[in-house]
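The block underneath contains the structure these notes are about, expressed in structure tokens.
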Amino acid sequence: MKTFKAFVLHNTDPVKTSIEEWGVDQLSTDGVLIKIAYSSVNYKDGIVGHSGMLAEWTPLIPGIDLAGTVLESTDSRFKEGDEVIATSYQIGTGHHGGFSELARIPADWVVQKPDGLSLRESMILGTAGFTAALSILQLEKNGLTPEQGPVLVAGASGGVGSLSVNMLANRGYEVTAGTGKEQEHDYLKSLGATNVIHRDELIDEEGKSTRSTRWAGAIDPVGGKTTQYIISTLSYGASVATSGLAGGLDVSTDVRPFIGRGINWLGIDSVRCPMSIRQQVWEHLASDLKPTSLEAELSQEITLEQLPTTFADILEGKVKGRIIVKL
1 MKTFKAFVLH
11 NTDPVKTSIE
21 EWGVDQLSTD
31 GVLIKIAYSS
41 VNYKDGIVGH
51 SGMLAEWTPL
61 IPGIDLAGTV
71 LESTDSRFKE
81 GDEVIATSYQ
91 IGTGHHGGFS
101 ELARIPADWV
111 VQKPDGLSLR
121 ESMILGTAGF
131 TAALSILQLE
141 KNGLTPEQGP
151 VLVAGASGGV
161 GSLSVNMLAN
171 RGYEVTAGTG
181 KEQEHDYLKS
191 LGATNVIHRD
201 ELIDEEGKST
211 RSTRWAGAID
221 PVGGKTTQYI
231 ISTLSYGASV
241 ATSGLAGGLD
251 VSTDVRPFIG
261 RGINWLGIDS
271 VRCPMSIRQQ
281 VWEHLASDLK
291 PTSLEAELSQ
301 EITLEQLPTT
311 FADILEGKVK
321 GRIIVKL
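Take 1 as the starting number for the sequence shown in full-length UniProt numbering and just add one per residue.
What follows is the structure, encoded as structure tokens:
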């Protein structure tokens, strides 16, 4: 394949996007050349594709996730025919990414697809699934067990949230899902949520650092005043795993919940997560943390041509579950 089709972003004002025919020689020369089967759309893709604000240079092929088959490799760890996954690092933000039929990715950013996942399933998971699994593993590393009480998932109808709900429920946790979309209550219960509450109940408008305790743990892909509220309501010794900023960057609290209740605020970074941990998380995603609702409930499939509309929808909170791009 000497030429390939790609969704290309030009960092102009306003941002210009187009479907273009590129040559393989327009990609980097080192690393693993991958024939992409699927990519996926994440909140970060929406930011890049809608505003171009994260693109360090253009033209750029965005898409922070991809899965496919190795065509050639300059690294002995990968050979032609290997099925691989690549997510995060600078993929789709400072290095050509997954919204394309081909990609050449640095070998240190590539993971062999574990047994137990298809290429399609790996992209239904993608960065969102990786983040959800890493959050759960970190919470459990800090002592969370199903017997301790309800676990909150904020932003539950989004990618990280919906996958977290299903994974936690499958592990025996009582899950409370927070969402601003009343029409998605049945959807979240079908994923395993025991209770569904409106996101307005999870916003700290009063600036209180402590309230009555409610949660044995929490997954927080939202940030801002939602994080403030969660911190103020965690049970003694509980943890919150924060991975997102859709609700804002600023969090205002004081030391009381930390020194008075011994709570833990865990930062979840999927971008620079070490490869040794990354491989372990993908193994969990293919086995004990693999969601049971990967197909009908959690995913929908689009083409490259539908990306601009999808970017706008994801930034406006109109998307539920996961959207994958078939190449």
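From the three backbone atoms N, C-alpha and C, an ideal C-beta is built for every residue, glycine too.
Pairwise C-alpha distance: residue j and residue i
i      : j      : result
Ser209 : Asn142 : 22 Å
Lys79  : Ser73  : 6 Å
Val165 : Ser76  : 39 Å
Ile323 : Ala132 : 16 Å
Ser39  : Leu327 : 8 Å
Leu315 : Gln306 : 15 Å
Ile61  : Ser270 : 20 Å
Gly129 : Pro114 : 14 Å
Gln228 : Ser28  : 43 Å
Thr233 : Ile136 : 19 Å
Arg126 : Asp108 : Note on identity: in this sequence residue 126 is Gly, with Arg being the wrong assignment. Taking the straight line joining both Cα atoms gives about 17 Å.
Val240 : Val255 : 15 Å
Gln279 : Leu144 : 22 Å
Val8   : Leu139 : 38 Å
Tyr251 : Gln183 : Checking the displayed sequence, the identity of residue 251 turns out to be Val instead of Tyr. When rounded, the distance between both Cα atoms is 29 Å.
Asp163 : Pro291 : A quick correction: the sequence has Leu, not Asp, at residue 163. Leu163 and Pro291: Cα-Cα distance of roughly 7 Å.
Thr17  : Val281 : 33 Å
Gln26  : Thr303 : 22 Å
Ser235 : Asp204 : 17 Å
Glu83  : Thr69  : 5 Å
Asp313 : Asp45  : 12 Å
Gly317 : Tyr43  : 9 Å
Asn195 : Pro14  : 42 Å
Three-state class that DSSP yields for residue i in the structure shown
i      : result
Lys320 : coil
Phe78  : coil
Val255 : coil
His284 : helix
Arg278 : helix
Gln183 : helix
Ile47  : helix
Phe7   : strand
Leu327 : coil
Gly267 : strand
Whether residue i touches residue j by CB criterion (8 Å)
i      : j      : result
Pro146 : Gly172 : yes
Ile268 : Leu119 : no
Ala86  : Met123 : no
Gly247 : Thr226 : yes
Tyr187 : Lys320 : yes
Gly224 : Arg199 : no
Leu117 : Leu249 : no
Ile230 : Leu266 : no
Ala103 : Ala154 : no
Gly49  : Phe311 : yes
Ile36  : Glu121 : no
Gly31  : Lys2   : no
Ala156 : Ala177 : yes
Val175 : Gly158 : no
Leu289 : Met167 : yes
His10  : Pro59  : yes
Ile34  : Leu71  : yes
Presumed contact (8 Å Cβ cut-off) between residue i and residue j, rounded CB distance
i      : j      : result
Val222 : Val41  : Not a contact, Cβ separation roughly 18 Å.
Ile64  : Gly92  : 4 Å
Gly237 : Ile263 : 7 Å
(request) Let me know the beta strand (DSSP E) ranges lying completely inside the segment 108–157, each 3 residues or longer, listed in chain order. (result) Here the runs fully enclosed are 110–112 and 151–153.
(request) Within the segment 190–246, note down every full alpha helix (DSSP H) run reaching 4 residues or more, in order along the chain. (result) Listed in chain order, they are 224–233.
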